[in-house]
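The structure under discussion appears below in the form of structure tokens.
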Amino acid sequence: MLIPIQITPKAEAEIKDIMANKNIPADYFLRVGVKGGGCGGMSYALGFDKAKPEDQQFEIQGIPVLIEKKHYMFLMGMQIDFFEGDEARGFTFVNPDIPKRHDH
């Protein structure tokens, strides 16, 4: 299966730092998902979690990643970046090019 998302080097460093320093258990993956829909559109979620049967597992830049099968198509082409500013820091989801829809 195609890997639907990209992780920028900045985000990769931050994720690996969290996994190394925040007591994340070794059998946990980085879970990438979507929440909502509704009027505000989708919001994206990152967390650490154990694999469930409905998950696709990927390895992206050495990071074990889980994506629920039903979220897969919503994440296609997304890029996870890490933003560090004076007032805020956190992960952001960027869509570098809104993909054209293909009907299979």
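Numbering (the working numbering), first residue to last: 272 to 375.
We put the CB at the ideal spot given by N, CA and C, even for glycine.
With E283 as the anchor, note down where its alpha helix (DSSP H) starts and where it stops. 280-292
How long is the line joining the alpha carbons of V335 and G312, rounded to whole angstroms? Note that residue 335 is Pro in the sequence shown, not Val. Their Cα atoms are separated by approximately 27 Å.
Checking 8 Å against the spacing of the C-beta atoms, do L317 and Q328 come in under that value? no
Using C-beta distances below 7 Å, list every residue in its chain close to M272, excluding the 5 sequence neighbours before and after it, in chain order. Q327
Can you round the beta-carbon distance between F319 and I351 to whole angstroms, since I take them to be within the 8 Å contact cut? With 8 Å as the limit, F319 and I351 do not qualify as a contact, their Cβ atoms being about 14 Å apart.
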